[in-house]
Amino acid sequence: MIPANIIEDLKFRNRIEDVIGTYVTLTRAGSNMKGLCPFHSEKTPSFTVYTGNGSFYCFGCGAGGDVVSFLMRAENLDYRSALQSLADRCGVTLPDDDAPVKQGVSRQRVLEMNKCAARFFRDMLFDPVQGEKGRAYLMGERGLSSAVIKHFGLGYAPDSFNALRDHLRKNGYTREEMVEGYLCQVSKKDERYTYDCFRNRVMFPIIDVSGNVIAFGGRVLDDSKPKYLNSADTPAFKKSRNLFALNYARNHAEKNLILCEGYMDVIALHAAGFENAVATLGTAITPDQARIMKRYSDKVIISYDGDEAGRKAADKAMKLLSEAGVEAKVLKMEGAKDPDEFIKKYGEAQFGKLLSGSRSRFDYKIDGVKEKYDLTDSDQKIRAANDLCREIAETSSRIEREIYIGKVAKELGLTEDSVRHDVAQAEKRMISKRKQEKKGELYRVTSAIGDRVNPDSAKYPKISRLEDTVIGMLLMRPEFARKASSLLSENDFMTDLNKRFFAFICGAAENGGFDFGQLSESFTQDEVSRAAKYRADRENLKICTDAAFEDNCRLLKNETTARREKESGSTSLAELIARKRNKNQ
Ligand SMILES: [Zn+2]
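FYI, in our numbering the residues of the sequence shown are 684 to 1268.
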């Protein structure tokens, strides 16, 4: 099997919208892209490309998947040739099927070493003598509590050329591993000699969404340069594809993510209760990072420094984020240079107001309407009001709605009651239109391929819906695989297709990682399409927290157990007790 990281790399280099764009004319539709389906004939586009997660799904014929399965379908290629075609497009050489993969230092080994180093840095920080300087900065100067320091696993790299090196050596790590993992450097003067990369710095471990320490950032405590030093790319880390604190923020991203410039901003925000803050890793935001953010939220509030450099960076971030289909807003901060300083000066509540106050989009809309229509003409004024009421109807926050209603009433010289009434009407129309669309989708999908792809689902309607949910969440967050194997086994799935999906994903996750593209190796195109539908359904709902996943796993287990008992007709005492215990959990 081609390893997940190679497929992931191919997908990062071949954006799905670019590849599909050579077959289909795509136009932007909200945060996604739409076009006429190349796999069935249609006049209105129901073929959707989700640029955020690199997948496509056709609501007309149910075809779906990722860029790999798209090429297989469109060019009638087998799995291997589709990957080859992607590799050719970006000039990458695929590993030979038979040749052993050339192995330097493995990712797993670097991750283990990083964990060891993170513990060392933490112990140094809390060492009464060694860690004094680090504590003076983090606790004294920046005012962080020890709880916050522990939450982020912060540490201190002592002012020594060999402290970490000797510690790692004692723990069995080789010189090559330390150098490849960017913890030590080879001396330019004497190649036999290696020394620590991070010296006299407070250390910020960078943790991926699976909880692995993948890299470090270090801030210097004297005048040495650079002020911030970050790990270079290693077998375990690509700087352009990771975000600081995403491991925490992903569980608080329902409304939006806050994008900051530095580690300290993020930590200050989390400590103040804004746990949806992330930062890039010492560089300007990359397109990959924008797409990763889109995986977790449709909205990003950019909270950069207020200086000239910060404004320029915010402009660039706005552009990249909107290209990735994210609605980006910029926070306007006055009276402080960064979020950390702002919260220290004015408090958390005031920062919260700042966040909710970034309603630039509606103000922008009002300006646009005022330009478009002549408000002295009553016909045009009605149309202007309709436009704005529709916009308000799309807003889910009640408070925001009230504010906008007040604004529209004032701008157009109407009473608030009449605006409110029209907003309610617009909302009704919107909901019934969506329901119609949903009905159509469901009908089309189930009638076209429903029973053929997963024939068991008709027999177990309730259980198969739960299975679909669990698999959809697993596809959206492969990092849940470990948790999934501890909560469920293959036997908890009643339908054959979902059972196979479950076994495949968990198996791949254990053997070096899972990528959606790997499904195409072992499943038929219709089955891959079905997987794409599960994931698309989950993505649309945006609810994929650890807790929701566990709940669904537990529900599925209970339902399946009950069903099996019913089918076998008798229940042993032991089973009854086990089931009761399960329910009480
Ligand atoms: Zn289609």
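Where is the CB? At the ideal position from N, CA and C, for every residue including glycine.
| By DSSP, does Ala919 sit in helix, in strand, or in coil? | Coil at Ala919, not helix or strand.
| field | Buried or exposed (CB count within 10 angstroms, at least 16 for buried), Thr1129 | value | Confidence is the limiting factor: at Thr1129 the pLDDT is only 49, short of 50, which leaves the residue's position unreliable, though a coordinate-based value still follows. Exposed is the label assigned to Thr1129, since fewer than 16 other Cβ atoms lie within 10 Å of its Cβ.
| Phe753 Cβ short of 8 Å to ligand 1 heavy atom set | No, ligand 1 has no heavy atom inside 8 Å of this Cβ.
| query | Could you give the residue range of the alpha helix (DSSP H) that holds Asp1279? | reply | Given that the chain is displayed from residue 684 to residue 1268, the structure contains no residue 1279 and the question cannot be resolved.
| field | Per-residue burial, Cys1236 [other beta carbons within 10 Å of its own, 16 or more giving buried] | value | buried
| Which residues in the same chain have their Cβ closer than 6 Å to the Cβ of Leu827, if we skip the five residues on either side of it in sequence? | Leu821
| said: Considering only the alpha carbon of each residue, which of Ala967, Arg924 and Arg933 lies closest to Gly945? | reply: It is Ala967 whose Cα lies nearest to the Cα of Gly945.
| query | According to DSSP, is Val732 helix, strand or coil? | reply | The answer is strand: DSSP assigns Val732 an E or B state.
| field | For Met886, the residue or residues it bridges with in DSSP | value | Met886 pairs with Gly838 and Gly901.
| field | For review: beta carbons within less than 7 Å of any heavy atom in ligand 1 | value | Counting every residue whose Cβ lies closer than 7 Å to a heavy atom of ligand 1, we get Cys720, Phe722, His723, Glu725, Ser729, Phe730, Cys741, Gly743, Cys744 and Ala746.
| Looking only at its own chain, which residues have a Cβ that is under 7 Å from the Cβ of Asp1220, when we skip the five neighbours before and after it? | Hits under 7 Å: Gly1155.
| query | Would you report the Cα separation of Glu691 and Glu1248, rounded to the nearest angstrom? | reply | 42 Å
| message | What ranges does the alpha helix (DSSP H) occupy inside the stretch 738 to 793, keeping only unbroken runs of at least 4 residues that lie completely in it? | response | 750 to 758 and 762 to 773
| said: Quick check on this structure: which residue in Tyr839, Pro841, Ile703 and Asn930 has the alpha carbon closest to the alpha carbon of Asp1229? | reply: Asn930
| field | Start-to-end residues for the alpha helix (DSSP H) that takes in Leu866 | value | It is not in any alpha helix (DSSP H) - Leu866 carries neither H nor E in the DSSP assignment.
| said: If you reduce the DSSP assignment to three classes, tell me which class Glu958 lands in. | reply: coil
| task | Tell me whether Arg985 sits in a helix, a strand or coil according to DSSP, three-state version. | result | Here residue 985 turns out to be Ile, not Arg, going by the sequence shown. Note: Ile985 maps to strand in three-state DSSP.
| So, do the stretch 919 to 934 and the stretch 946 to 964 have three or more beta carbon pairs nearer to each other than 8 Å? | yes
| query | Is it true that the CB of Arg698 sits closer than 9 Å to the CB of Thr731? | reply | no
| task | Indicate the three-state DSSP secondary structure (helix, strand or coil) for Thr1178 in the structure shown. | result | coil
| query | Could you give the residue range of the beta strand (DSSP E) that holds Thr877? | reply | Thr877 to Asp879
| request: Quick one: which unbroken alpha helix (DSSP H) runs of 4-plus residues sit fully inside the stretch 978 to 1022? Chain order, please. | output: 991 to 1006
| task | State the DSSP-derived secondary structure class of Arg711, mapped to helix, strand or coil. | result | strand
| Can you list, in chain order, the residues of its chain whose CB lies under 6 Å from that of Asn736, leaving out five sequence neighbours each side? | Arg978
| field | Exposed unless 16 or more other CB atoms sit within 10 angstroms - verdict on Tyr706 | value | exposed
| query | Where does Met822 fall in DSSP's three states? | reply | helix
| query | Which partner residues does Asn913 have in the DSSP bridge list? | reply | Gly900
| query | Between Lys694 and Phe1163, what straight-line distance do the alpha-carbon atoms span, to the nearest angstrom? | reply | Rounded to the nearest angstrom, the two C-alpha atoms are 21 Å apart.
| task | List the DSSP bridge partners of Lys717. | result | Thr710 and Thr731
| said: Would you call the stretch 1011 to 1031 in contact with the stretch 985 to 992, where contact means no fewer than 3 C-beta pairs closer than 8 Å? | reply: yes
| field | Same chain, Cβ closer than 7 Å to Ile832, five either side skipped, listed in chain order | value | So the list reads Leu821, once near-sequence residues are dropped.
| Which of helix, strand or coil DSSP assigns to Ile685 | coil
| message | Could you check whether Ser843 and Arg884 sit closer than 9 Å to each other, using their CB atoms as the reference points? | response | no
| field | Whole-angstrom distance between Glu1010 and Leu847, CA atom to CA atom | value | 43 Å
| query | At which residues does the alpha helix (DSSP H) containing Ile1065 begin and terminate? | reply | Ser1061 to Ala1076
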